[in-house]
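Engineer: First the structure, then my questions, so here it is.
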Amino acid sequence: MLTVSRQIICTLLVFCFVSGFSQARANQKARDLADFEALLTLPLEELAALKVTVSSLEPESIVETPAIISRYEARKMASLGLRTLQDMLAFIPGITVQDHLFGQP
0 MLTVSRQIIC TLLVFCFVSG FSQARANQKA RDLADFEALL TLPLEELAAL
50 KVTVSSLEPE SIVETPAIIS RYEARKMASL GLRTLQDMLA FIPGITVQDH
100 LFGQP
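The opening position of the sequence shown corresponds to residue 0 in numbering that gives the first Met the number 0, with each subsequent residue numbered one higher.
Pasting the structure below:
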């Protein structure tokens, strides 16, 4: 009888912990969404002046943050078999090239 009541108590404790964690996570998602929506209403001057933390872990202006730049020379592009701008853009990670309009077959 004692082990059954221990199992019930342990199960209830786990259930309470999981439901509390789920509620906290839902609240955080709601706060994040509200923060994001607030960013959408900022004027460009204020948006550019925001401090963000990137891989350097130091707050800096969003304008000063590093950006990814890809550079390819014509010889390298030819050796990769890239002949058109579409070929080159499709080669760059993170870029998807579509040869049709959205919603059009």
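All C-beta atoms in this analysis are idealised placements derived from N, C-alpha and C, irrespective of residue type, glycine included.
1) Per DSSP, what kind of secondary structure is Thr52 in: helix, strand or coil?
2) Can you look up Glu44 in the DSSP assignment and give me helix, strand or coil?
3) Quick one: what does DSSP say Glu59 is sitting in, helix, strand or coil?
4) I need the boundaries of the alpha helix (DSSP H) containing Gln85, first residue and last residue.
5) What's the C-alpha gap between Pro58 and Leu39?
6) Here's a check: name, in chain order, each residue in its chain whose Cβ is nearer than 6 Å to the Cβ of Gly93, leaving out the five neighbours to either side.
7) When every heavy atom of the ligand MN is checked, does at least one fall within less than 8 Å of the C-beta of Ala73?
8) If you check the beta carbons only, do Leu60 and Leu49 fall under 9 Å apart?
Structural biologist: Short version:
1) If DSSP states are grouped into helix, strand and coil, Thr52 belongs with the strands.
2) Secondary structure at Glu44: helix, using DSSP grouped into helix, strand and coil.
3) Glu59: strand per DSSP, three-state reduction.
4) Taken as a continuous stretch (DSSP letters only), the alpha helix (DSSP H) holding Gln85 covers Leu84 to Phe90.
5) Going by the C-alpha atoms only, they are around 20 Å apart.
6) Its chain contains no residue whose beta carbon lies nearer than 6 Å to that of Gly93 once the 5 sequence neighbours on both sides are disregarded.
7) Of the ligands one can find in the structure shown there are none, so the ligand MN has no counterpart to examine.
8) The sequence as given places Ser at residue 60; Leu does not occur at that position. Yes, the pair counts as a contact, with Cβ atoms nearer than the cut-off.
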